[in-house]
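Asks: Just dropping this structure here.
There are 2 protein chains.
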Amino acid sequence: MNIKEIAKLAGVSKSTVSRVLNNSSLVAQDTRKKVLDIINESGYLPNSIARSLKVKKTKTIGVIVPDIGNPFYFEVLRGIEKVLDKKGFNIMLCNSEYDEEKELRYAYLLAAKKVDGIICAPCSESSKAVQNLCKWGIPFVVFDIPQVNLATNLVVVDHSECSYLAAKHLLENGHTNILSIDVPNPQKIESKFVLGYLKALREYNILPKPELIQKASPDITGGYSIIKKLNNQKVYFTGVITICDLVAVGVYKAAKKLGLKIPDDLSVVGNDDIPLARYLNPPLTTIRQPKYPLGFRSAKLLLSQIESKSGTEPYDCTQGQPTIIKLGVRLIQRCSVKRRN
Amino acid sequence: MNIKEIAKLAGVSKSTVSRVLNNSSLVAQDTRKKVLDIINESGYLPNSIARSLKVKKTKTIGVIVPDIGNPFYFEVLRGIEKVLDKKGFNIMLCNSEYDEEKELRYAYLLAAKKVDGIICAPCSESSKAVQNLCKWGIPFVVFDIPQVNLATNLVVVDHSECSYLAAKHLLENGHTNILSIDVPNPQKIESKFVLGYLKALREYNILPKPELIQKASPDITGGYSIIKKLNNQKVYFTGVITICDLVAVGVYKAAKKLGLKIPDDLSVVGNDDIPLARYLNPPLTTIRQPKYPLGFRSAKLLLSQIESKSGTEPYDCTQGQPTIIKLGVRLIQRCSVKRRN
DNA sequence: TTTTGTAATGGGAACGGTACCAAAAAATAT
DNA sequence: ATATTTTTTGGTACCGTTCCCATTACAAAA
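The listed protein sequences correspond, in order, to chains A and B.
Under this note's numbering, the first residue of the first sequence is numbered 1, with each subsequent residue one higher.
Under this note's numbering, the first residue of the second sequence is numbered 1001, with each subsequent residue one higher.
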C-alpha cells in the first residue's frame, strides 16, 4: 500500500494525497476528508524512509555510549530522550562497550543511515569515530570525554574536579594512603582523574605512591579484581576513590569477601551517584555527576546545531567557535567514609 | 557525494560502483581496486536509506520497553543486542514509560520507518500497539506480558509462578500477613501476579485480605509510597512480595524512614534479581527472572521470523502456530526474609 | 463577454541507490 | 578467421515520497 494506490482509491493525484499527509493548506475541505477516510480505512502508513530520501531528513538522532548498563549513561540517556522526544526525534542507541573499533563501526553505520545528528560519549580522548563525524559533516556533540585536538561542541564535567573533591574528602578525614581507581586510557598523558587526585595529595604534602594509582574496567568486576589484586600484593591503603560508582560496588564486594568492613577498615568514595548508591550497604559517599543535565544539555546543543544548519550542505564543525558547556559536581556525603586519627 | 559522482570519478558506470560496494564477484580486479581507491580518498559513504528504499530492508529492529531505567529491561536489552549485533542489525530503542498512548505512537513510528521487525514489552495485556503490529504485517515478538486474544509469538515467564514462589517462601517462614504489591493493570481480570499470590495463600489455608493486595507504579517511588500509605492506615503485615526489585528498593526506603528494620520488622522478597539486589542492605531475597535469556530468545525468535518471511509480502501473524517460549524462574535466598514463630 | 486573479489539482522530475537486461570485450573453441 | 562462450560493463526502470511547475476551475473585476 503506497501513496499512489491511495490516490487511485480516492480518485485524486498523489500530489494531493501528499498534500493532505503533510497537511498543506491548499487542498479543499471535502477532498481532504475523502482522502483521510481512505487512508484510515485502508490502514495505509506513509513510508518515512522514502520521505527521508527526498527531504534529506530522518528525524532520528544517533546516540553512542560505552555502556548503557551503567546507570550513569542511562540517566544521561533519559535527559537526551526528554528533549528529543518532545521535538519528535527518534533515538538510535548504540552501545560501544568501550570498544573503539565498535564505536567507529557504529559511527559509520549511523552516518550511512543519515541520522540528523549524533550524541557521543567516546571511549577515548582521541576517538577515531568523532574525527570521522567531523569529516563527514554530521552535526554532533560529545559529552563526558573531551576530545583532544578537535574543536567539538562539548558538554562535560571536569573529571579532575571529581577526583580532587573525592580525594580531599578522604584527606580531610585523616586518610593518607588513598587508592585511586581510574579507567584505563590509551593516551600517554596522565588522565584528568589522576591529575585531580595528585593535586589533592599535593595540597596535603603527601607523596603519591605509584602502586596506589590503578586502572580498572569501569564496572563491578573491575573494582572487585583490583582490590583482590592489591590485597594479594599486600598493598596498604585505608581509602579508595573510584572513577564511577559501579567500581565502588566492586570494591564493596571485594571488601566483603576479604572480611574488610566499610567504612571501618576501608573508606570509599564513588563517583556518579547512581540511584542505588544510597541503598548500598553502607550507603555510598560519592561525587554526584549531573547526569540528567548532561544529556539534556547535549541534546539541546545538538538540536540548535541541527536547526542552524543551512539547507542540505554538510555541517562544517571547524567553522565558528565550538560551544563548551561545563557542568559542576558536588560531594554527597553518606556513610562509606570514616574519620581516622 | 553519491554513487554517481564516484562513478564519474572512477570512469565507470554507477552499476559497477554498486557492484563493488556489494562486493559482487563479477567485477574485474583492477576496476574494483580503482573504484575502491576513489571511494576511500573521497570519504564517500553509501546512503543506506536509499538502499533500504530499494531493497525493502532496513537492517534495523525496533524495541519498545516500558522503562529502560529499570535494570530488568536493560538486562533484556543486552540479550537482544547480543544476537542482533552479531547479525548486523541495529536497534531503535523506544521507551514507552508505561504509557499506552506513547507505546502506540512508537509502534506507528517504527512501522513507518520500515524496521524489519519489532520486539515489544507492552504495558498491558491488550496493547493497541501490538494489535496494530499484527495488522500492519510487521514481524514482531512480544515478551514479558502475554497478549490476550492474540496469537502472537511470545517469550515469557509465568508471573503467577513468581508471586507463588515468593509468597510460599514467606509462608514457609511463618508469615501470614503478606502484602502483595503488583503493578496496576487496566484489565478487569485479576493479574497473574495476584493469582499466584492467592494460590500460595490458599495452600496455607489463609484468607486473603483485600487491603493486602495493592498496586503501585513499578519503580522506587511506587514501593515507597505504598508502604507509607499502609503505615498511615495502620494496616498490619510482616512480609511483602513485590512485582519487581525496584519497588522492593522503595519498600526498603520507606522502612528506613519509618524505623522498621528489614528483615526483623519486615521481610521482603523482590522479583527480577537486578544486579544490585545483592548489594542492598540487607541483600535482597528475590525471584530471579531470566532477563538476559528473555532478550536473547526474543531476538532469536524474531530473526527466524524475519528470515522465514517470503520476499516482500507483509508478514501474516495469524497464519501458523505462534511460538510460545516459557522460561523458568527461581528463588534466590539472601537476607531480607526472617523466620517468624 | 473577456480578462485577471486565486484556489485547487495534476504531471513529472528528482532523491540515491539496486538489479535486471542488453551490449561490449575478452577468452576460447571451431 | 569466424563462431561461441564467458567475463565485464553500461543503460535504465524502479523503490515511495516531495515539490516545483503547469493546468484547470471558478469567481470577481473590467
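A virtual CB, placed ideally from N, CA and C, is assigned to each residue, including glycine.
Which of the three DSSP states, helix, strand or coil, is assigned to residue 22 (chain A)?
Replies: The answer is coil: DSSP assigns residue 22 (chain A) none of H, G, I, E or B.
Asks: Quick one: which residues of the stretch 1068-1081 of chain B get their C-beta closer than 9 Å to a C-beta of chain A? List them in chain order.
Replies: The residues in question are 1068, 1069, 1071, 1074, 1075, 1077, 1078, 1081.
Asks: Taking the alpha-carbon positions, what's the residue 180 (chain A) to residue 249 (chain A) distance?
Replies: Going from the Cα of residue 180 (chain A) to the Cα of residue 249 (chain A) covers about 15 Å.
Asks: Can you pull out the residues from the stretch 1042-1070 of chain B whose beta carbon lies closer than 8 Å to at least one beta carbon of chain A?
Replies: So the close ones are 1043, 1045, 1046, 1047, 1048, 1049, 1050, 1052, 1053, 1058, 1060, 1068, 1069.
Asks: Looking at residue 1325 (chain B): is its Cβ nearer than 9 Å to the Cβ of residue 1130 (chain B)?
Replies: For residue 1325 (chain B) and residue 1130 (chain B), no; Cβs fall outside 9 Å.
Asks: Going by C-alpha to C-alpha distance, which of B:1079, B:1147, B:1308, B:1287 sits closest to residue 1163 (chain B)?
Replies: Among B:1079, B:1147, B:1308, B:1287, the Cα nearest to that of residue 1163 (chain B) belongs to B:1287.
Asks: Along the alpha helix (DSSP H) that carries residue 1031 (chain B), what are the first and last residues, could you check?
Replies: Run containing residue 1031 (chain B): 1029-1042, per the alpha helix (DSSP H) assignment.
Asks: Report the start-end ranges of each beta strand (DSSP E) in the stretch 39-95 of chain A that is 3 residues or longer and not cut off at the edges.
Replies: Complete beta strand (DSSP E) runs here, min 3: 60-65, 90-95.
Asks: How would you label residue 1174 (chain B), buried or exposed, when you count the other beta carbons within 10 angstroms and need 16 or more for buried?
Replies: Answer is exposed; the Cβ neighbour count stays below 16.
Asks: Just to confirm, is the Cβ distance from residue 1365 (chain B) to residue 1283 (chain B) under 9 Å?
Replies: Since the displayed chain B opens at 1001 and closes at 1341, residue 1365 (chain B) lies outside it and no answer follows.
Asks: In the structure shown, what three-state DSSP assignment does residue 1284 (chain B) receive?
Replies: Of the three classes helix, strand and coil, the one that applies to residue 1284 (chain B) here is coil, per DSSP.
Asks: On a CA-only basis, which of A:223, A:111, A:122, A:36 is nearest residue 97 (chain A)? Give me that one, please.
Replies: It is A:122 whose Cα lies nearest to the Cα of residue 97 (chain A).
Asks: Could you tell me whether any Cβ in chain A is nearer than 9 Å to the Cβ of residue 1279 (chain B)?
Replies: It does: the Cβ of residue 1279 (chain B) has a partner Cβ on chain A nearer than 9 Å.
Asks: Quick check: the Cα distance between residue 68 (chain A) and residue 1092 (chain B), rounded to an integer number of angstroms?
Replies: Between residue 68 (chain A) and residue 1092 (chain B), the C-alpha separation is close to 14 Å.
Asks: Is there at least one Cβ from chain B nearer than 9 Å to residue 146 (chain A)'s Cβ?
Replies: No - not a single Cβ of chain B is within 9 Å of the one on residue 146 (chain A).
Asks: Along the stretch 239-252 of chain A, where does the CB come closer than 7 Å to a CB of chain B? Name the residues.
Replies: Cβ contacts with chain B come from 249, 252.
Asks: According to a CB-to-CB cut-off of less than 7 Å, which residues of the stretch 111-122 of chain A neighbour chain B?
Replies: Flagged, chain order: 111, 112, 113, 114.
Asks: What residue ranges within the stretch 1214-1266 of chain B form continuous alpha helix (DSSP H) runs of no fewer than 4 residues, ordered along the chain?
Replies: Runs of the alpha helix (DSSP H) inside the stretch 1214-1266 of chain B: 1220-1232, 1245-1258.
Asks: Any chance the stretch 289-300 of chain A sits against the stretch 1023-1039 of chain B, with 3 or more Cβ pairs inside 8 Å?
Replies: Result no; under three Cβ-Cβ pairs closer than 8 Å.
Asks: Opposite residue 1120 (chain B) in the DSSP bridges: which residues?
Replies: B:1064, B:1142.
Asks: Looking at the secondary structure, which residues open and close the beta strand (DSSP E) in which residue 325 (chain A) lies?
Replies: Note, residue 325 (chain A): beta strand (DSSP E), 324-327.
Asks: With contact counted as at least three CB pairs below 8 Å, one residue from each stretch, are the stretch 1206-1224 of chain B and the stretch 1235-1242 of chain B in contact?
Replies: Yes, the stretch 1206-1224 of chain B is in contact with the stretch 1235-1242 of chain B.
Asks: Determine the chain A residues that contact residue 1002 (chain B) at a beta-carbon separation under 7 Å, and present them in chain order.
Replies: Within chain A, no residue comes near residue 1002 (chain B); the closest Cβ sits about 11 Å away, beyond 7 Å.
Asks: Hey, how far is the Cα of residue 1308 (chain B) from the Cα of residue 1090 (chain B)?
Replies: The alpha-carbon atoms of residue 1308 (chain B) and residue 1090 (chain B) are separated by roughly 19 Å.
Asks: Report the three-state DSSP secondary structure of residue 339 (chain A) (helix, strand or coil).
Replies: The answer is coil: DSSP assigns residue 339 (chain A) none of H, G, I, E or B.
Asks: Report the three-state DSSP secondary structure of residue 1110 (chain B) (helix, strand or coil).
Replies: In the structure shown, residue 1110 (chain B) sits in a helix (DSSP, three-state: H, G or I).
Asks: Between the stretch 1265-1274 of chain B and the stretch 1071-1078 of chain B, are three or more C-beta pairs nearer than 8 Å?
Replies: Touching, yes, given that three or more Cβ pairs across the two stretches are closer than 8 Å.
Asks: From this set, A:139, A:165, A:322, A:26, which residue's C-alpha is nearest residue 120 (chain A)'s C-alpha?
Replies: Ranking the options by Cα distance to residue 120 (chain A), first place goes to A:139.
Asks: Are the stretch 57-68 of chain A and the stretch 100-118 of chain A touching, with three or more C-beta to C-beta distances below 8 Å?
Replies: Yes: at least three Cβ pairs fall under 8 Å.
Asks: Out of B:1082, B:1128, B:1080, B:1177, which has the shortest C-alpha to C-alpha gap to residue 1103 (chain B)?
Replies: Residue B:1128 is the option with its Cα nearest to residue 1103 (chain B).
Asks: When you compare only the Cα positions, how much space is there between residue 1219 (chain B) and residue 1245 (chain B)?
Replies: Rounded to whole angstroms, residue 1219 (chain B) to residue 1245 (chain B) spans 8 Å at the Cα level.
Asks: Going along chain B in order, which residues have a C-beta closer than 8 Å to the C-beta of residue 108 (chain A)?
Replies: Simply 1045.
Asks: If residue 60 (chain A) and residue 116 (chain A) are in contact, beta carbons under 8 Å, what's the gap, nearest whole angstrom?
Replies: Confirmed, Cβ separation roughly 7 Å.
Asks: Could you tell me the boundaries of the beta strand (DSSP E) in which residue 180 (chain A) lies?
Replies: Note, residue 180 (chain A): beta strand (DSSP E), 178-182.
Asks: Round the Cβ separation of residue 1301 (chain B) and residue 1285 (chain B) to the nearest angstrom and send it over; I've been treating them as touching at under 8 Å.
Replies: That belief does not hold up - the Cβ atoms of residue 1301 (chain B) and residue 1285 (chain B) are roughly 31 Å apart, past 8 Å.
Asks: Taking 9 Å as the threshold (C-beta atoms), are residue 1049 (chain B) and residue 1010 (chain B) in contact?
Replies: Not a contact, by the Cβ cut-off of 9 Å.
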